[in-house]
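Worksheet: one structure, shown below.
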Amino acid sequence: MADVITTRREGAILEVTLDRPKANAIDLKTSRLMGETFKAFRDDPELRVAIVKTAGDKFFSAGWDLKAAAAGDAVDGDYGVGGFAGLQELRDLNKPVIACVNGMAVGGGFELALSCDLIYASDHSSFALPEIRAGTLADAATIKLPKRIPYHIAMDLLFTGRWMDVAEAHRWGLVNEVLPKDKLEERVWEIARLLASGPPLVFASIKETARVAEALTF
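Set out below in structure tokens:
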């Protein structure tokens, strides 16, 4: 069986690929593997930038693996370091992380993209938070999304579970750039190399300051 998490290292850049056919859904084991991978990235002084991508072009990620849940994975189980998918709660990650979204980002898959600093997406990508239809809360997205796009748009997505196509996501500033799928990875690597040549201490200060500012209540 192929590895569900693979990495590619080029200089100071680490590319992390999730490959779980058919929808790149994430179970507890995969979440823990992702957490260990991102923790190793955080702690490696030679690495400066991470790219998060998934295999295929239909699903970026369907989020929580419902089949695994039906087989016994607990929703409140041990997701490992960094929480679900390894990024949402990873402390002190002061390096740029780029999401390379090629396909549907659903539920926890959408939240994985939201946990990144930059989002580049193919022109057929789309986003949704369907948890409301099952009578549950989109945990991380409920916190993060209203801080990323206008409040009323975020509430619309959270309340209705509707799909948002990539053009709308770009219009609201959620996606940095939309590209043809055959140009997406080339562009993401171009940005990653640009950031890898930049000042890591300044990037760390920017991320830390942004986190502190986001937590302010006034």
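Numbering of the sequence shown is given in my numbering, commencing with residue 521 and proceeding in unit increments.
Glycine included, each C-beta is placed from N, C-alpha and C at the ideal position.
Query: In terms of residue numbering, what span does the alpha helix (DSSP H) encompassing Phe679 cover?; Result: 671-680
Query: Unbroken beta strand (DSSP E) runs of length 3 or more, entirely within the region 681-729: which are they?; Result: 683-685, 697-699
Query: Excluding five sequence neighbours on each side, which residues of the same chain lie with their C-beta closer than 8 Å to the C-beta of Arg682?; Result: Ala648, Asp676
Query: Looking only at its own chain, which residues have a Cβ that is under 7 Å from the Cβ of Leu657, when we skip the five neighbours before and after it?; Result: Glu651
Query: Name the residue from Gly576, Glu631, Lys578 whose alpha carbon lies nearest to the alpha carbon of Gly602.; Result: Glu631
Query: Would you report the Cα separation of Pro719 and Val569, rounded to the nearest angstrom?; Result: 11 Å
Query: Enumerate in chain order the residues of its own chain whose CB-to-CB distance from Thr550 is below 6 Å, with the five nearest sequence positions on each side excluded.; Result: Val524
Query: CA-CA distance, Lys703 and Ala619?; Result: 15 Å
Query: Per the contact definition of three or more C-beta pairs closer than 8 Å, is the region 578-590 in contact with the region 685-701?; Result: no
Query: Give me the Cβ distance between Val617 and Val686, rounded to the nearest whole Å; I'm assuming they're in contact under 8 Å.; Result: Not confirmed; about 19 Å, so no contact.
Query: Residues in its own chain within less than 8 Å of Lys701 by CB, not counting five upstream and five downstream?; Result: Asp577, Asn622, Ser642, Asp643, His644
Query: Would you tell me roughly how many angstroms separate the C-alpha atoms of Tyr640 and Val708, rounded to the nearest one?; Result: 7 Å
Query: I need the straight-line Cα distance from Ala674 to Ile663, nearest angstrom please.; Result: 10 Å
Query: Do Trp584 and Gly627 count as a contact pair if the criterion is CB distance below 9 Å?; Result: yes
Query: Looking at Ala575: is its Cβ nearer than 9 Å to the Cβ of Asp539?; Result: yes
Query: Return yes when the Cβ of Asn544 is within less than 9 Å of the Cβ of Glu728, no when it is not.; Result: no
Query: Measure how close the beta-carbons of Ala716 and Gly531 come, nearest whole angstrom, since I'm counting them as under 8 Å.; Result: 6 Å
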